[in-house]
Each structure stands twice: as C-alpha cells, then as structure tokens.
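Chemist: Basically this note's numbering = 1-based index in the sequence shown + 721.
All residues carry an ideal CB built from backbone N, CA and C; glycine is no exception.
Predicted model only: the values in this text are computed from it and were never measured.
Pasting in a structure now, in structure tokens, and then I'll have a few things to ask.
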Amino acid sequence: MTMAHKAGYVNIIGEPNVGKSTLLNALLGEQLVITNPKAQTTRHRILGIINGEDHQLVLSDTPGILDPQYRMHHSMMKAVDEALIDADLLIVLVELGQRPEKAENVVKRAQRFKGPMLVLVNKVDTGTEEVVLEALHAWQNAFPEAKVVPLSALHGLNVNELRQYLIDHLPEHPPYFDKEDLSDRNMRFFVSEMIREKVLAFYKQEIPYSTEVVVNSFEEGEALTKIQADVIVMRESQKGIIIGQGGKALRKLGTEARIAIERFVGTKVFLDLRVKVDEDWREDERKLKRYGY
Ligand SMILES: Nc1nc2c(ncn2[C@@H]2O[C@H](COP(=O)(O)OP(=O)(O)OP(=O)(O)O)[C@@H](O)[C@H]2O)c(=O)[nH]1
Ligand SMILES: [Mg+2]
C-alpha cells in the first residue's frame, strides 16, 4: 500500500515590516532569509521548503506591499501578485495595532484571492490580551471566511501549531521540488542577501534603499570559500558613504558580512568587497533585469 504524497504552496503576504520573513524562518526552524527593523527588507519572492517523507510544504516569503515609488518597487509588487496566483493557501500576515481599514493595500489584494486564507495577527507579544482580542475581532470581521489566529513569529507563539496545520491541510500532489531542496535560491543569492543585511544594519536613510549586492564569484573549498562581491550604489556620493573615512565603514561591513557568511557556509571565508556606482540602477528596467528583478 502506498501513502499519498501531499504538496502545496503556502504564500505569505502583508505590509512591510509585519514579520513575514521572521515567520518564514520560524516555520523553517532556521535563519534562511534576512529580517530587519527597517521596512522593505525583502525585495524578491523567496521560497523556503519543508520536506517530509510524505509531504512537501513550499512556503513563499514576499516583499511588503506598498505604493510603488520607483521601478524596483513595481518589480517587488509583481512578486507579490505572483504569490497570489499559485497559492494553495494564502497567509495574510498583519501585526498587532494594524487595522483592516488602514491596510487597504493588503486587504484589497487578499480579497481578490479565492482560495483558503489564514489571517495571522503577529507580534501579539507586544500587547495586552484585550488589545489582541480586539484585533482578532476586527480582522475576523474583515475576512469572515478566513481563519484568524494570533501569533508571535519572533517568540515562537503558535508557530509549531501553524506548521502542523499547514502540513495537515496540504493537497494531494507530487513534490514540486527535489526533496533535498531547502529553497529555490542558490548560495550566491543568500550570500548577497547577507551582505545587504549588513548594509541595512550599518547605514542610514537612503543608503540601504539605494544599494544592491552582486556576488561575482563564489569558490567553495574544503577549508576556505573565496567570494568576490560588488556593493552597488546609485551615486558617487553614496559610494563615499559606504566606504567611510579611511575605508573604516567598508572594513566593518566586510568583517561583519564575512562572519555571517562563515556561519552559513561552514568554512572560513575570504570576502573581497568592492563598491561600484551604477547610475540610478533602481529606475532602469535593463539594469533591474540584470540584477534579477
Ligand atoms: N515583537 C515582535 N517583533 C517581531 C515579531 N516578528 C517579527 N518581528 C520584528 O519585526 C521586524 C520586521 O521583521 P521582518 O521579518 O523583517 O518583516 P517583513 O514583513 O519581512 O518586512 P519586509 O521584508 O521589509 O516587508 C524585525 O525587527 C523583527 O524582529 C514578533 O512576533 N514580535
Ligand atoms: Mg521580509
């Protein structure tokens, strides 16, 4: 007797900074995608895959939903809309304090989705029980058909229960990916993201939003991984800020990124970081395409 295999897509959408990437990592049980207190951390749709003998749960992280201000934003919103097309189940992630009537961007998109939906109210660790109950009520009213559940992705509240629920509700289907795969993205992508995470952490104002990171070479050895990557900014003045006085800022960026990458790849890393200007890359269709948008 053979057991039927279950597989499906569970896609997470929501406004910027509500904890989508934190939730993906919590469900996977590892730090796959980058998270940050600044909004607009995630720029792509990124899959995280949970494999079991008889199931494959394909989770999608997506960029936060916003009103596009430049071309890169349009590509980010395309990534969100694609996640609405292939979802077997849609997770609408909101945070405590958010109200349906003030979250038009996400509510409108979610209302277009016809399949089963979970509305998860995240960050319930930040409020009283009364505030949480009020929020659950408001979201249940906005989405009468959806299952509405409180959550703390950061502190693990309801995360194991959610993972089990998602696996239990997968449709019968053969696996979509190799059962060894953990993501649709390769090592180079995650390395570039780890460098970008440090840019988000160490630089202020426009800099993180003007920066792209490209890994040009990635040579994995037994004991040492050699990486050359470019930190790309939009203007000469931004290049100066990234480098800092006497190169101090860039050295810190390089060191901190290297340490994070070493943890990820499991070998010592030699990281050669160069800063380049690519004039207004964020606004240029051709350049965006080259950078994977
Ligand atoms: N207190 C609390 N903070 C959380 C929780 N989940 C996420 N956060 C924090 O919220 C911030 C944003 O988290 P992310 O996971 O980067 O949010 P995101 O929705 O992926 O953001 P974008 O990619 O920018 O759209 C980070 O500082 C997280 O640590 C939670 O359950 N409780
Ligand atoms: Mg994110």
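Going by the C-beta, is V853 closer than 7 Å to any heavy atom of ligand 1?
Modeler: No.
Chemist: In terms of residue numbering, what span does the beta strand (DSSP E) encompassing E941 cover?
Modeler: Residues E933 to E941.
Chemist: Can you determine whether any heavy atom of ligand 2 sits closer than 7 Å to the C-beta of T762, and answer yes or no?
Modeler: Indeed, a heavy atom of ligand 2 lies less than 7 Å from the Cβ.
Chemist: Taking the alpha-carbon of R833 as reference, which of E914, D775 and A804 has the nearest alpha-carbon?
Modeler: If we check each option's Cα against that of R833, A804 comes out closest.
Chemist: Going by other Cβ atoms of all chains shown within 10 Å of its Cβ, with 16 needed for buried, is G987 buried or exposed?
Modeler: Its Cβ having fewer than 16 others within 10 Å, G987 is exposed.
Chemist: Decide if the region 783–803 is in contact with the region 945–958; the criterion is three or more beta carbon pairs, one per stretch, under 8 Å apart.
Modeler: Counting Cβ pairs under 8 Å, fewer than three are found: no touch.
Chemist: Is the beta carbon of S796 within less than 7 Å of some heavy atom of ligand 2?
Modeler: No, the Cβ of S796 stays beyond 7 Å of every heavy atom of ligand 2.
Chemist: Please specify which runs of the alpha helix (DSSP H), each continuous and at least 4 residues long, are wholly inside the region 811–897, giving them in chain order.
Modeler: Counting only runs of 4 or more, we get 825–833, 850–863 and 880–889.
Chemist: Just to confirm before moving on: does the CB-CB distance between D775 and M724 stay below 8 Å?
Modeler: Yes, Cβ-Cβ distance for D775 and M724 is below 8 Å.
Chemist: What would DSSP say about V920, mapped onto helix, strand or coil?
Modeler: Looking at V920 - three-state DSSP - the assignment turns out to be helix.
Chemist: Tell me the DSSP secondary structure of N772 in three-state form.
Modeler: Note: N772 maps to strand in three-state DSSP.
Chemist: Return the first residue and the last residue of the beta strand (DSSP E) that G735 is part of.
Modeler: Its beta strand (DSSP E) spans residues K727 to G735.
Chemist: Do V815 and V842 have their C-beta atoms closer together than 8 Å?
Modeler: Yes, the Cβ-Cβ distance between V815 and V842 is below 8 Å.
Chemist: Assign I982 to one of three DSSP states: helix, strand, or coil.
Modeler: DSSP places I982 in helix when its eight states are reduced to three.
Chemist: So which of P865, S796, I755 and I770 has the shortest CA-CA distance to D902?
Modeler: Of the candidates P865, S796, I755 and I770, the one whose C-alpha sits nearest the C-alpha of D902 is I770.
Chemist: What is the DSSP secondary structure of K989, counted as helix, strand or coil?
Modeler: If DSSP states are grouped into helix, strand and coil, K989 belongs with the strands.
Chemist: Along the alpha helix (DSSP H) that carries I963, what are the first and last residues, could you check?
Modeler: Looking at the DSSP string, the run of the alpha helix (DSSP H) that includes I963 is E957 to I964.
Chemist: What whole-angstrom Cβ distance do D809 and V731 have, given they're in contact under 8 Å?
Modeler: Confirmed, about 7 Å.
Chemist: What number of angstroms, rounded off, separates the C-alpha of R820 from the C-alpha of F911?
Modeler: R820 and F911: Cα-Cα distance of roughly 33 Å.
Chemist: Is the Cβ-Cβ distance between K919 and N772 less than 8 Å?
Modeler: Not in contact: K919 and N772 (Cβ atoms no closer than 8 Å).
Chemist: Note down the Cα distance separating P865 from L887, rounded to an integer number of angstroms.
Modeler: Rounded to the nearest angstrom, the two C-alpha atoms are 20 Å apart.
Chemist: State yes or no: is the C-beta of K919 nearer than 7 Å to some heavy atom of ligand 2?
Modeler: Checking the Cβ of K919 against ligand 2 gives no.
Chemist: Helix, strand or coil, according to DSSP, for I806 in the structure here?
Modeler: Three-state result, I806: helix.
Chemist: Under 8 Å between the Cβ atoms of E983 and I953?
Modeler: Taking 8 Å as the Cβ cut-off, E983 and I953 do not qualify as a contacting pair.
Chemist: Using the C-alpha atoms, what's the distance from T849 back to Y1014?
Modeler: In a straight line, the C-alpha of Y1014 is about 40 Å away from that of T849.
Chemist: Is the closest heavy atom of ligand 1 to the C-beta of T847 under 7 Å?
Modeler: Because some heavy atom of ligand 1 lies under 7 Å away, the Cβ of T847 counts as near it: yes.
Chemist: Can you confirm whether the region 848–863 touches the region 727–747 when touching is taken to mean that 3 or more C-beta pairs between the two stretches lie within less than 8 Å?
Modeler: They do not touch, by the three-pair rule.
Chemist: Going by the C-beta, is T756 closer than 7 Å to any heavy atom of ligand 2?
Modeler: Checking the Cβ of T756 against ligand 2 gives yes.
Chemist: Is the beta carbon of H776 within less than 7 Å of some heavy atom of ligand 4?
Modeler: Among the ligands present in this structure, namely ligand 1 and ligand 2, ligand 4 is not found.
Chemist: Between which two residues does the beta strand (DSSP E) containing T946 stretch?
Modeler: Note, T946: beta strand (DSSP E), L945 to V954.
Chemist: Hey, V845 and V827 are a contact pair by Cβ (cut 8 Å); roughly how many whole angstroms apart?
Modeler: No, V845 and V827 are not in contact; Cβ-Cβ is about 18 Å, not under 8 Å.
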